[in-house]
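Peer 1: Numbering (full-length UniProt numbering), first residue to last: 1 to 203.
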């Protein structure tokens, strides 16, 4: 709320200053709009509770491509399996991954795949459950149970993603936003008006 009042104050101050200097009305309007948009882009999560940012990684291909724009919610969001979230890991790095396991779930890492309570669900299985076979060699993996307030998040491009398989479970307090939708760039370079949900249903 404080940031919202600050932006409004600065915006009206600049507008009043321009009027006193008898600037061209169009210049005044454009100037205020540009400054307001700039400040909103910096403080958008604090002012509206939502953010709009451009993806720059390949860790969630093919769901999210480089240069896709992502809308995220920063307040009053639940944590659901199959949804994507932005979080800060223990090293202080910001990531966006899909939540696949929560408190009290048993997680087993087997190569690139992650089995939750004996089943894996990923983009290659179209999010349908695939059971861990008894003859599958998982000697290179680890198995553990998530404690309260712990979540396991993995990139859709699991063969090229730095995620909970590498730095461990994520604490609830470090999950900062729910990534809701993506907007793609058109061939012309403009942003598409069609939004695509980033959540999937685990079957």
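Just so you know, even glycine gets a beta-carbon here, dropped at the ideal spot from N, CA and C.
Using the beta-carbon count (16 or more within 10 Å), is residue 145 buried or exposed?
Peer 2: Mapped onto the chain shown, residue 145 falls at position 145. Result: exposed.
Peer 1: I need the boundaries of the alpha helix (DSSP H) containing residue 164, first residue and last residue.
Peer 2: Sequence index remark: in the chain shown, residue 164 carries index 164 (1-based). Taken as a continuous stretch (DSSP letters only), the alpha helix (DSSP H) holding residue 164 covers 164–167.
Peer 1: Straight-line CA distance for residue 33 to residue 96?
Peer 2: Residue 33 sits at position 33 when you count from the first residue of the chain shown. Residue 96 sits at position 96 when you count from the first residue of the chain shown. Per-residue confidence for residue 33 stands at a pLDDT of 48, beneath the threshold of 50, marking its modelled position as unreliable; no derived number is given.
Peer 1: When the Cα of residue 154 is compared with those of 99, 110 and 202, which residue comes out closest?
Peer 2: In the chain shown, counting from the first residue as 1, residue 154 sits at position 154. For residue 154, the nearest C-alpha among the options comes from 99.
Peer 1: Within the continuous beta strand (DSSP E) that includes residue 99, where are the two ends?
Peer 2: Residue numbering aside, residue 99 sits at position 99 when the chain shown is read from its first letter. Segment 94–101, the beta strand (DSSP E) holding residue 99.
Peer 1: Would you please state the rounded distance, in angstroms, between the beta carbons of residue 177 and residue 72? I believe it to be under 8 Å.
Peer 2: One-based indexing of the chain shown puts residue 177 at position 177. One-based indexing of the chain shown puts residue 72 at position 72. Sure, about 4 Å apart at Cβ, within 8 Å.
Peer 1: For residue 138, which residues of its own chain have a beta-carbon under 6 Å away from its beta-carbon, when the five flanking residues on both sides are left out?
Peer 2: Looking up residue 138 in the chain shown gives position 138. Closer than 6 Å at Cβ, skipping near neighbours: 110.
Peer 1: Under three-state DSSP, which class holds residue 23?
Peer 2: Looking up residue 23 in the chain shown gives position 23. Its pLDDT being 49, under 50, residue 23 is placed unreliably by the model, and the measurement read from it follows with that caveat. Three-state result, residue 23: coil.
Peer 1: CB-CB under 8 Å to residue 54, same chain, minus the five flanking residues each way: which ones, in chain order?
Peer 2: Against the chain shown, residue 54 aligns to sequence position 54. Closer than 8 Å at the Cβ level, and outside the excluded window around residue 54, lie 67, 68, 69 and 70.
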